[in-house]
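Quick note, the sequences are listed as chains G and R, same order.
Heads up, the first sequence is in the UniProt record's numbering, so the first residue is 1 and it goes up one at a time.
Heads up, the second sequence is in the UniProt record's numbering, so the first residue is 1 and it goes up one at a time.
Okay, so here's the structure we're looking at.
There are 2 protein chains.
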Amino acid sequence: MATERPVPDKLRVFSLNCWGIRFFSQHCAQRYEMIGDLLDREQHDIALLQEVWSERDFLFLKRKLSSSHPYAHYFKSGVIGSGLAVFSRHRIQDALLYQYSLNGHPYMLRHGDWFGGKAVGLVIVDVFGLKAQVYVTHLHAEYSRAQDEYLPHRIVQSWELLQFVRHTSCGADVVILGGDLNMHPQDLGNRLIRAHTGLRDCYTETDTFDGCEDGHTLIAVNHFTKKQDLIPFEKGIRIDYILMKGSKKVSMKCESLSTTKGSVAGKPFPYSDHEALTAELTLLQSEESRQHGQRNISDSHTAVSEQMDVVAEAQAVVKEGLCHTETLQARALHLMGGALLLLLLPLLMILLPCLCSCSHFSFTTTGLLLAAGAVLLLSGLLLYLLFTTHIKVLKETEDQMKLTSDDLQSKLAGSRASGFSSSDGSPESSSPFKREE
Amino acid sequence: MATERPVPDKLRVFSLNCWGIRFFSQHCAQRYEMIGDLLDREQHDIALLQEVWSERDFLFLKRKLSSSHPYAHYFKSGVIGSGLAVFSRHRIQDALLYQYSLNGHPYMLRHGDWFGGKAVGLVIVDVFGLKAQVYVTHLHAEYSRAQDEYLPHRIVQSWELLQFVRHTSCGADVVILGGDLNMHPQDLGNRLIRAHTGLRDCYTETDTFDGCEDGHTLIAVNHFTKKQDLIPFEKGIRIDYILMKGSKKVSMKCESLSTTKGSVAGKPFPYSDHEALTAELTLLQSEESRQHGQRNISDSHTAVSEQMDVVAEAQAVVKEGLCHTETLQARALHLMGGALLLLLLPLLMILLPCLCSCSHFSFTTTGLLLAAGAVLLLSGLLLYLLFTTHIKVLKETEDQMKLTSDDLQSKLAGSRASGFSSSDGSPESSSPFKREE
Numbered sequence: 001m002a003t004e005r006p007v008p009d010k011l012r013v014f015s016l017n018c019w020g021i022r023f024f025s026q027h028c029a030q031r032y033e034m035i036g037d038l039l040d041r042e043q044h045d046i047a048l049l050q051e052v053w054s055e056r057d058f059l060f061l062k063r064k065l066s067s068s069h070p071y072a073h074y075f076k077s078g079v080i081g082s083g084l085a086v087f088s089r090h091r092i093q094d095a096l097l098y099q100y101s102l103n104g105h106p107y108m109l110r111h112g113d114w115f116g117g118k119a120v121g122l123v124i125v126d127v128f129g130l131k132a133q134v135y136v137t138h139l140h141a142e143y144s145r146a147q148d149e150y151l152p153h154r155i156v157q158s159w160e161l162l163q164f165v166r167h168t169s170c171g172a173d174v175v176i177l178g179g180d181l182n183m184h185p186q187d188l189g190n191r192l193i194r195a196h197t198g199l200r201d202c203y204t205e206t207d208t209f210d211g212c213e214d215g216h217t218l219i220a221v222n223h224f225t226k227k228q229d230l231i232p233f234e235k236g237i238r239i240d241y242i243l244m245k246g247s248k249k250v251s252m253k254c255e256s257l258s259t260t261k262g263s264v265a266g267k268p269f270p271y272s273d274h275e276a277l278t279a280e281l282t283l284l285q286s287e288e289s290r291q292h293g294q295r296n297i298s299d300s301h302t303a304v305s306e307q308m309d310v311v312a313e314a315q316a317v318v319k320e321g322l323c324h325t326e327t328l329q330a331r332a333l334h335l336m337g338g339a340l341l342l343l344l345l346p347l348l349m350i351l352l353p354c355l356c357s358c359s360h361f362s363f364t365t366t367g368l369l370l371a372a373g374a375v376l377l378l379s380g381l382l383l384y385l386l387f388t389t390h391i392k393v394l395k396e397t398e399d400q401m402k403l404t405s406d407d408l409q410s411k412l413a414g415s416r417a418s419g420f421s422s423s424d425g426s427p428e429s430s431s432p433f434k435r436e437e
Numbered sequence: 001m002a003t004e005r006p007v008p009d010k011l012r013v014f015s016l017n018c019w020g021i022r023f024f025s026q027h028c029a030q031r032y033e034m035i036g037d038l039l040d041r042e043q044h045d046i047a048l049l050q051e052v053w054s055e056r057d058f059l060f061l062k063r064k065l066s067s068s069h070p071y072a073h074y075f076k077s078g079v080i081g082s083g084l085a086v087f088s089r090h091r092i093q094d095a096l097l098y099q100y101s102l103n104g105h106p107y108m109l110r111h112g113d114w115f116g117g118k119a120v121g122l123v124i125v126d127v128f129g130l131k132a133q134v135y136v137t138h139l140h141a142e143y144s145r146a147q148d149e150y151l152p153h154r155i156v157q158s159w160e161l162l163q164f165v166r167h168t169s170c171g172a173d174v175v176i177l178g179g180d181l182n183m184h185p186q187d188l189g190n191r192l193i194r195a196h197t198g199l200r201d202c203y204t205e206t207d208t209f210d211g212c213e214d215g216h217t218l219i220a221v222n223h224f225t226k227k228q229d230l231i232p233f234e235k236g237i238r239i240d241y242i243l244m245k246g247s248k249k250v251s252m253k254c255e256s257l258s259t260t261k262g263s264v265a266g267k268p269f270p271y272s273d274h275e276a277l278t279a280e281l282t283l284l285q286s287e288e289s290r291q292h293g294q295r296n297i298s299d300s301h302t303a304v305s306e307q308m309d310v311v312a313e314a315q316a317v318v319k320e321g322l323c324h325t326e327t328l329q330a331r332a333l334h335l336m337g338g339a340l341l342l343l344l345l346p347l348l349m350i351l352l353p354c355l356c357s358c359s360h361f362s363f364t365t366t367g368l369l370l371a372a373g374a375v376l377l378l379s380g381l382l383l384y385l386l387f388t389t390h391i392k393v394l395k396e397t398e399d400q401m402k403l404t405s406d407d408l409q410s411k412l413a414g415s416r417a418s419g420f421s422s423s424d425g426s427p428e429s430s431s432p433f434k435r436e437e
């Protein structure tokens with residue numbers, strides 16, 4: 001068994017979707033004041049914020065937290081921004097942003113996710129001399145659970161998130177991911193992320209939880225929540241998370257997790273329409289990392305099977321998304337055809353003078369037809385380009401999932417033939433370069 | 001000194017910009033036939049192709065190379081695609097795509113880079129039991145060296161490329177990057193990539209080079225090259241590269257590098273308007289990786305200084321790009337203002353009947369004014385959104401560069417105070433968690 005030596009190093013991580021849409025979100029300025037006070041008082045090691053849509057609000061927090069959290073990064077992308085911000089008591093050494101390739105539709109103005117340029121931000125933080133890779137993200141919202149037209153988008157985002165985490169975290173001592181995933185705990189995207197990154201959900205990992213029932217982060221008793229958005233989950237839903245994993249060198253334990261409970265003592269309204277999460281993580285140094293690593297090998301077969309199942313589910317969703325997007329692409333083509341007809345009509349009116357006997361009729365109608373035709377043609381063209389790029393993204397995701405699926409299949413076949421013999425579950429190689437554990 | 005034990009494992013890597021624009025690039029189908037024959041005959045371990053714009057051409061190559069290169073991946077992004085393809089004799093285990101955030105302007109139809117969705121593709125290849133991370137990329141073209149309006153775009157792309165490589169390659173045994181960087185060897189972006197990733201240029205690393213003078217990959221004697229594009233570099237330029245680096249476990253040596261020389265024996269035209277590169281890499285297993293790692297420490301101070309200088313240069317370019325984009329954003333606003341005036345004009349014509357005395361004049365003019373106004377308003381809005389996202393990207397890059405610069409500064413300060421004592425150049429930490437070498 002691994003010898004774990006407890007050290008005094010704890011890490012307190014905070015995550016909150018701030019609902020910071022200026023001039024739209026209620027009591028925005030006052031709430032940022034409250035959030036700033038909370039962070040300044042609580043002195044979390046790392047605070048991960050989402051929906052900080054205005055840079056001015058980020059700068060306000062940065063000034064307010066200059067002594068408690070001297071390090072901060074605000075991730076900028078899309079038209080409005082990613083809304084993602086990190087405040088840290090420890091030095092941020094580096095930052096990297098991965099903008100999701102698929103993120104709703106620009107014409108869905110009332111949803112507006114597209115304009116946010118949703119992304120996953122990574123900051124590399126030097127925590128007690130350890131390399132902590134801290135990810136903050138916000139995935140596309142779910143506007144209707146019964147008819148979720150954005151499901152393929154969220155699955156592609158989950159896939160890109162897990163791929164990004166998987167491939168950037170290999171040198172990390174400690175990995176933390178926080179944010180608003182807009183998915184229930186057992187939703188496909190969530191299972192996909194957990195199964196393929198090895199990240200563990202602080203809520204299910206901790207023995208000490210203090211917060212809303214079932215860990216809900218969107219609850220009916222919150223002043224700002226629209227009750228109809230929660231139907232059929234009257235009590236609430238859990239869509240905000242802090243996930244974590246250690247490394248061969250350091251193992252992590254979630255000592256406790258808490259959420260706010262829909263109100264703030266002495267204040268007339270809560271911090272946001274979401275509840276905030278605070279996780280207290282203990283870092284344990286594994287002296288026998290090799291032995292510790294070995295502990296995971298025994299269940300690799302099950303893990304690989306689970307990974308395969310969840311990828312297969314995701315492949316089906318992406319395939320469906322692809323069919324739907326191809327239909328939309330065809331409709332954009334039809335729109336362009338219709339627009340061309342509209343543009344031809346005025347020509348017909350000139351050629352058939354009888355229709356133009358009333359100059360007032362011609363004057364108004366021709367102008368409107370030309371204007372409408374031009375706008376529709378341009379819109380059709382833009383929609384066609386948009387759906388074409390979406391198809392490209394969906395196909396790329398499909399191909400990547402196929403590769404992963406094939407790789408898992410060969411691992412499974414290898415494990416059947418000889419048993420898992422390397423720590424990452426890959427079969428032994430016959431190469432002169434043997435992997436060192 | 002490190003004991004390096006040569007092993008028989010060699011790796012032959014091929015890179016070519018295929019210039020595969022269907023119905024535009026000359027002799028496209030015949031050239032793909034020739035490229036397929038070449039790859040099938042030469043049996044390179046890994047072939048990295050760029051500008052494979054049509055998926056049909058990729059599928060043609062895939063069929064043709066099904067026995068010589070059973071593994072392939074085609075990266076899909078943007079409207080047309082990324083144009084990036086990988087063919088491999090070794091199993092591709094996984095793939096990941098990072099699309100560059102800044103890639104020209106959609107309205108520059110004659111340049112067309114924007115539609116390509118330029119990106120860096122990563123495939124993870126199991127080579128002789130080693131984890132090889134192979135990157136293929138194609139950066140924004142340089143249309144005028146004297147007045148390079150896309151320089152900030154290419155610098156942002158270089159930055160994103162180096163960040164992506166830096167953060168995804170930490171678990172690799174072997175790292176290879178190939179592609180058309182559209183930069184001369186000593187151009188800023190190229191220096192930025194080399195300094196911050198540690199990747200080494202096969203051309204400067206090898207003792208055995210066989211190819212065009214000075215390693216040029218775009219040469220005047222190539223049948224397809226537009227001679228005016230090369231001015232003032234009459235003989236040619238070197239913009240295609242194979243870069244490489246090893247790891248603590250494996251060191252790499254470029255045994256030889258060759259290029260095609262503008263013609264193909266027995267054929268009336270060359271493979272492409274670019275020359276192809278072939279690198280023969282030797283993999284050496286470092287038994288004393290710790291000692292081997294130590295070898296790099298002595299020059300860390302110089303390396304950090306160089307990294308700082310090159311980041312400072314890049315920051316200046318990004319700053320300039322930001323100013324220029326802000327001007328463009330303001331112009332888009334003016335365009336929208338002008339369009340609104342155009343839309344108001346027909347209203348004035350209705351209110352001032354004297355102007356409408358000639359019905360034919362009104363009929364045509366009003367229609368055109370309305371159509372032009374609508375199209376200009378929509379165009380102005382789209383341009384405004386476009387430049388707003390570009391500003392976001394430039395600011396994000398600026399922030400990331402600032403973080404890196406600060407981090408390097410603190411490393412330099414640390415090295416002055418105590419000397420570099422850890423292999424990655426970071427000063428010793430006082431943490432209970434000491435980094436293990």
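Just so it is clear, CB atoms sit at the ideal spot from N, CA and C, and this is done for glycine as well.
* In three-state terms, what does DSSP make of Ile219 of chain R? -> The residue labelled residue 219 of chain R in the question sits at position 219 within the second sequence. Three-state DSSP puts Ile219 of chain R in a strand.
* Asked: Are three or more beta carbon pairs between the segment 229 to 243 of chain R and the segment 177 to 193 of chain R nearer than 8 Å?
  -> yes
* To do: Note down, in chain order, each residue of its chain lying with its Cβ closer than 6 Å to the Cβ of Ala132 of chain G, except the 5 sequence neighbours on either side.
  => Taking the first residue of the first sequence as position 1, residue 132 of chain G is located at position 132. For Ala132 of chain G, where only same-chain residues beyond five positions count, the Cβ hits under 6 Å are Val125, Val174.
* **Presumed contact (8 Å Cβ cut-off) between Met34 of chain R and Val375 of chain R, rounded CB distance** => Counted from its first residue, the second sequence places residue 34 of chain R at position 34. Counted from its first residue, the second sequence places residue 375 of chain R at position 375. 45 Å between Cβ atoms; not a contact.
* Counting only the same chain and skipping the five closest in sequence on each side, list residues whose C-beta sits under 7 Å from that of Gly338 of chain R. => The residue given as residue 338 of chain R occupies position 338 in the second sequence. The answer, listed in chain order, is Leu376.
* Three-pair Cβ contact test at 8 Å for the segment 34 to 53 of chain R versus the segment 86 to 103 of chain R -> yes
* Asked: From this set, G:Arg12, G:Ile80, G:Leu199, which residue's C-alpha is nearest Ile21 of chain G's C-alpha?
  -> For the purposes of this step, residue 21 of chain G is identified with residue 21 of the first sequence, where counting begins at 1. For Ile21 of chain G, the nearest C-alpha among the options comes from G:Ile80.
* Roughly how many angstroms lie between the CA atoms of Glu326 of chain G and His111 of chain R, to the nearest whole one? -> Locating residue 326 of chain G in the first sequence gives position 326, counting from the first residue. Locating residue 111 of chain R in the second sequence gives position 111, counting from the first residue. About 27 Å.
* Asked: Quick one: does Ala95 of chain R have its CB under 8 Å from some CB of chain G?
  -> Here residue 95 of chain R refers to the residue found at position 95 of the second sequence. It does: the Cβ of Ala95 of chain R has a partner Cβ on chain G nearer than 8 Å.
* To do: To the nearest angstrom, report how far apart His165 of chain G and Ser405 of chain G are at their CA atoms.
  => Here residue 165 of chain G refers to the residue found at position 165 when the first sequence is read from its first residue. Here residue 405 of chain G refers to the residue found at position 405 when the first sequence is read from its first residue. The sequence shown places Val at residue 165 of chain G, rather than the His named in the question. Taking the straight line from one Cα to the other gives about 18 Å.
* Taking only beta-carbon atoms, is Pro62 of chain R less than 8 Å away from chain G? -> Here residue 62 of chain R corresponds to residue number 62 of the second sequence, with the count starting at 1. This sequence places Lys at residue 62 of chain R; Pro is not what is there. It does not; no Cβ of chain G falls within 8 Å.
* Asked: Any contact of the segment 142 to 158 of chain R with the segment 250 to 266 of chain R, i.e. 3+ C-beta pairs under 8 Å?
  -> no
* **Integer-rounded CB distance, given that Ala85 of chain G should sit under 8 Å from Val52 of chain G** => In the first sequence, the residue the question calls residue 52 of chain G occupies position 52. In the first sequence, the residue the question calls residue 85 of chain G occupies position 85. The pair is a contact, with the Cβ atoms about 5 Å apart (cut-off 8 Å).
* **Boundaries (first-last residue) of the beta strand (DSSP E) holding Ala29 of chain R** => Start at 1 with the first residue of the second sequence, and residue 29 of chain R comes out as number 29. Counting along the chain, Ala29 of chain R falls outside any beta strand (DSSP E), though it belongs to the alpha helix (DSSP H) covering 28 to 42.
* Quick one, are the C-beta atoms of Gly189 of chain R and Val221 of chain R less than 8 Å apart? -> The residue labelled residue 189 of chain R in the question sits at position 189 within the second sequence. The residue labelled residue 221 of chain R in the question sits at position 221 within the second sequence. It is not a contact, given that the beta carbons lie outside the stated cut-off.
* To do: Please list the partners that Phe170 of chain G has in chain R, where partner means a Cβ-to-Cβ separation under 7 Å.
  => Sequence index remark: in the first sequence, residue 170 of chain G carries index 170 (1-based). Reading off the sequence, residue 170 of chain G comes out as Cys, not Phe. Residues of chain R passing the Cβ test: Cys170, Gly171.
* Using a Cβ-Cβ distance under 8 Å, would Val317 of chain G count as near chain R? -> The sequence position of residue 317 of chain G within the first sequence is 317, counting from 1. Cβ-Cβ to chain R under 8 Å: no for Val317 of chain G.
* Interface residues of the segment 76 to 107 of chain G facing chain R [CB-CB below 9 Å] -> Lys76, Ser77, Gly78, Val79, Ile80, Gly81, Ser82, Arg91, Ile92, Gln93, Asp94, Ala95, Leu96, Leu97, Tyr98, Gln99, Ser101, Pro106
* CB Leu218 of chain G to CB His274 of chain G, shorter than 8 Å? -> Taking the first sequence and counting its residues from 1, the one referred to as residue 218 of chain G is at position 218. Taking the first sequence and counting its residues from 1, the one referred to as residue 274 of chain G is at position 274. Yes, the pair counts as a contact, with Cβ atoms nearer than the cut-off.
* Asked: Since Met336 of chain R contacts Tyr384 of chain R with CB under 8 Å, what's their CB separation in whole angstroms?
  -> Position 336 of the second sequence, counted from the first residue, corresponds to residue 336 of chain R. Position 384 of the second sequence, counted from the first residue, corresponds to residue 384 of chain R. At roughly 7 Å, the Cβ-Cβ gap stays under 8 Å, so Met336 of chain R and Tyr384 of chain R are in contact.
* Have a look at R:Arg331, R:Thr137, R:Glu306, R:Leu130 and flag the residue whose alpha-carbon is nearest the alpha-carbon of Ser247 of chain R. => Residue numbering aside, residue 247 of chain R sits at position 247 when the second sequence is read from its first letter. Among R:Arg331, R:Thr137, R:Glu306, R:Leu130, the Cα nearest to that of Ser247 of chain R belongs to R:Leu130.
* Do Met252 of chain R and Leu283 of chain R have their C-beta atoms within less than 8 Å of each other? -> By 1-based counting over the second sequence, the position of residue 252 of chain R is 252. By 1-based counting over the second sequence, the position of residue 283 of chain R is 283. Yes.
* Asked: Taking only beta-carbon atoms, is Thr259 of chain R less than 8 Å away from chain G?
  -> As a position in the second sequence, residue 259 of chain R is number 259, starting the count at 1. Chain G contact via Cβ: absent.
* **Segment limits, alpha helix (DSSP H) that includes Lys253 of chain R** => Here residue 253 of chain R refers to the residue found at position 253 when the second sequence is read from its first residue. Counting along the chain, Lys253 of chain R falls outside any alpha helix (DSSP H), though it belongs to the beta strand (DSSP E) covering 250 to 259.
* To do: Just mark Lys118 of chain G as buried or exposed, buried being the case when its beta carbon has 16 or more other beta carbons within 10 Å.
  => Mapped onto the first sequence, residue 118 of chain G falls at position 118. That one is buried.
* To do: Provide the residue span of the alpha helix (DSSP H) that contains Val79 of chain R, from first to last.
  => The residue given as residue 79 of chain R occupies position 79 in the second sequence. Where Val79 of chain R is concerned, there is no enclosing alpha helix (DSSP H), given that its DSSP letter is neither H nor E.
* Does the beta carbon of Ala371 of chain G sit closer than 8 Å to a beta carbon anywhere in chain R? -> For the purposes of this step, residue 371 of chain G is taken as residue 371 along the first sequence, with counting starting at 1. With 8 Å as the cut-off, Ala371 of chain G counts as an interface residue toward chain R.
* With 9 Å as the limit, tell me which residues of the segment 114 to 127 of chain R have their beta carbon closer than that to any beta carbon of chain G; keep them in chain order. => Phe115, Gly117, Leu122, Val123, Ile124, Asp126, Val127
* To do: Specify, as a first and last residue, the run of the alpha helix (DSSP H) that Ala195 of chain R falls within.
  => By one-based count along the second sequence, residue 195 of chain R stands at place 195. Where Ala195 of chain R is concerned, the enclosing alpha helix (DSSP H) stretches over 188 to 197.
* Between which two residues does the alpha helix (DSSP H) harbouring His167 of chain R extend? -> In the second sequence, counting from the first residue as 1, residue 167 of chain R sits at position 167. Counting along the chain, the alpha helix (DSSP H) containing His167 of chain R begins and ends at 151 to 168.
* For the beta strand (DSSP E) that contains Glu205 of chain G, what are its first and last residues? -> Locating residue 205 of chain G in the first sequence gives position 205, counting from the first residue. From DSSP, Glu205 of chain G is part of no beta strand (DSSP E) but of the alpha helix (DSSP H) over 202 to 205.
* **Contact set between the segment 330 to 346 of chain G and chain R, restricted to residues whose Cβ is under 9 Å from the partner** => Leu343, Pro346
* Asked: How big is the Cα-Cα spacing for Leu16 of chain R and Leu277 of chain R?
  -> Within the second sequence, residue 16 of chain R is the residue found at index 16, counting from 1. Within the second sequence, residue 277 of chain R is the residue found at index 277, counting from 1. Using only the alpha carbons, I get a separation of about 6 Å.
* Asked: Thinking C-alpha only, which one of G:Leu382, G:Thr206, G:Phe24 is nearest Ala257 of chain G?
  -> As a first step, residue 257 of chain G must be located in the first sequence, where it is residue number 257. Per the sequence presented here, residue 257 of chain G reads as Leu, with Ala not at that position. Leu257 of chain G has its Cα closest to that of G:Thr206, out of G:Leu382, G:Thr206, G:Phe24.
* To do: Use the C-beta contact count for Cys323 of chain R: other C-beta atoms within 10 angstroms, 16 or more gives buried, fewer gives exposed.
  => Here residue 323 of chain R is taken as the residue at index 323 of the second sequence, counted from 1. Exposed: under 16 other Cβ atoms inside 10 Å.
* **Proximity test, Cβ basis, 8 Å: Glu306 of chain R and chain G** => By one-based count along the second sequence, residue 306 of chain R stands at place 306. No, because no Cβ of chain G sits closer than 8 Å to the Cβ of Glu306 of chain R.
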